[in-house]
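Sequential numbering of the sequence shown, starting at 6, is according to this note's numbering. Below is one structure, written out as structure tokens; the observations come after it.
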Amino acid sequence: MNNEIFETTESAVRSYSRSWPAVFEKASGSKQVSEDGTEYLDFFAGAGALNYGHNHPKLVAAISEYIAGGGPLHSLDMMTPAKREFLTTFRELILEPRNLDYKVMFPGPTGTNTVEAALKLARKVTGRQHVLSFTNAFHGMTLGSLSVTGNSMKRKGAGIPLTNSSKIPYDDYLNGETEDFIWLERVLEDSGSGVDKPAAIIVETIQGEGGLRAARAEWLRGLADLCQRHDILLIVDDVQAGCGRSGSFFSFEEAGITPDIVCVSKSISGSGLPLALTLFKPELDVWEPGEHNGTFRGNNLAFVTATTAFKEFWSDDSFEKGQLAEAIDLTQDKLMKIAAAVDGSSVRGRGLLTGVCFEDPEVAGKVAAEAFQRGLLVETSGPQDEVLKVMPPLTTPLEELQRGLNIITEAVSAVTGVEIAVEDTTGNTLVTS
Ligand SMILES: *Cc1c(COP(=O)(O)O)cnc(C)c1O
């Protein structure tokens, strides 16, 4: 097979195809098979868009059935039975059991679309322009979401000044040396501080792209409290950490906070089909009809697979408390062992949005390359790609999870020269320990 076309015709902007020079022909569950027949375990999961794995049979069946039945594929924001089912199921299985009363907006199909909508809405509601975001945040690639993103390489790509936002330290950015939010509290109270009162503060509870720092529940509660006292809207960007990735459907559930606005995308369709939602408290619904629109806000196939996924995984807490909790325990346990063996390394993140940060920033990339040679897809995260990012589908069978984590362990040993025990792949004894 000749792959020249990807180099001669596709833009230099392509990236994942460079780290993983394979042509993926088939995919199922936590596995992908390349054209030459090599099987890969996929612990990248579409950057978090495939929480239920590739081509989940029930989701694929729902797609086939919808197409066979002649339902419309595209419908802007018109009403369809697929959208009715989606909204009803989302309300009944996701929002109501969590005591969340949110209006649902379809902002266009991508993560950056929901962030743009959230920022626009916050500015419209408050009449203020400034937005605060956090060091190492990642919120997307269009100008508004880029303005609240940290990464300097990505920001530079804007080509124009990114304005009306500033950065404040994320949890533990100052290594616990200062009290949380001390600077912010002071400047908000001081009319001479020169810091414009923000419309909103946007936060990821776990920083997916920026190095997998996870905010403590108490820090998030402090942030929510500060926002409330100062009449600032709190936006949680749950594009990557949401839909079960953190261990609960929304990543902020553990902290017990109720953000004013929530951004969801990546795994919300369940199938990898594009879909995004902007959720907000009903009193914030000040949009004029059509004031924010877009051609691709009625992806009926995505509605159909999302509805099927809600019913399959979230109709009660058995998936969350069972398979998902076990997968998290096993993953955290194995990563702790790696971090304990390699000097200066530590486990980052939470749930199945986790990884290992190495002291030498070169190590994570080398481990990912070594893992690819051994048939495993894992990526890196952080400003220097210093964190090995482990993000398997939430549905990965424990035996495959164990096998992938063993490959990571071997790859770390190969790169660092540190001996780390690799346990057998039967999994059973390890899982219960
Ligand atoms: C991926 C991501 C986005 C952007 O989503 P796109 O679909 O790539 O535009 C925004 N926020 C977070 C936290 C993300 O992980």
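Note that the Cβ used here is the ideal one computed from N, Cα and C, for glycine as well.
Asked, Found
"Sequence-distant residues of the same chain with beta carbon closer than 6 Å to residue 308, five excluded per side", "87, 88 and 91"
"Cβ separation of residue 206 and residue 239, assumed to be a contact under 8 Å, to the nearest whole Å", "6 Å"
"Reduced DSSP category for residue 304 - H, G, I as helix; E, B as strand; rest coil", "strand"
"Heavy atom of ligand 3 within 7 Å of residue 140 beta-carbon", "The model on display carries ligand 1 but not ligand 3."
"Three-state secondary structure assigned by DSSP to residue 133", "coil"
"Inter-residue Cα distance where the pair is residue 399 and residue 375", "23 Å"
"Among 285, 64 and 103, the one whose alpha carbon lies nearest that of residue 111", "285"
"Candidates 289, 85, 21 and 254: closest to residue 126 by CA position", "289"
"Enclosing beta strand (DSSP E) for residue 384 [first to last residue]", "384-386"
"Distance between residue 208 and residue 241 (C-alpha atoms, nearest Å)", "5 Å"
"Extent of the continuous beta strand (DSSP E) run through residue 248", "Run containing residue 248: none; DSSP gives neither H nor E here."
"Rounded distance between the beta-carbons of residue 145 and residue 137, thought under 8 Å", "Their Cβ separation, rounded to whole angstroms, is 17 Å, which puts residue 137 and residue 145 out of contact at 8 Å."
"Residue 437 (DSSP reduced to helix, strand or coil)", "The pLDDT assigned to residue 437 is 28, lower than 50, so where the model puts this residue is not dependable, and the model offers no usable value."
"Assumed close pair residue 283, residue 122 - CB separation to whole angstroms, cut-off 8 Å", "4 Å"
"Own chain, CB closer than 8 Å to residue 229, minus 5 neighbours either side, in chain order", "239, 260, 262, 263 and 264"
"Cross-strand partners of residue 37 (DSSP beta bridge)", "32 and 45"
"Delimiting residues of the beta strand (DSSP E) encompassing residue 95", "Taken as a continuous stretch (DSSP letters only), residue 95 belongs to no beta strand (DSSP E), as it is neither H nor E."
"Where the alpha helix (DSSP H) through residue 377 begins and ends", "367-378"
"Those residues which DSSP pairs with residue 206 across a bridge", "137 and 239"
"Own chain, CB closer than 6 Å to residue 421, minus 5 neighbours either side, in chain order", "347"
"For residue 268: DSSP bridge partner residues", "242 and 283"
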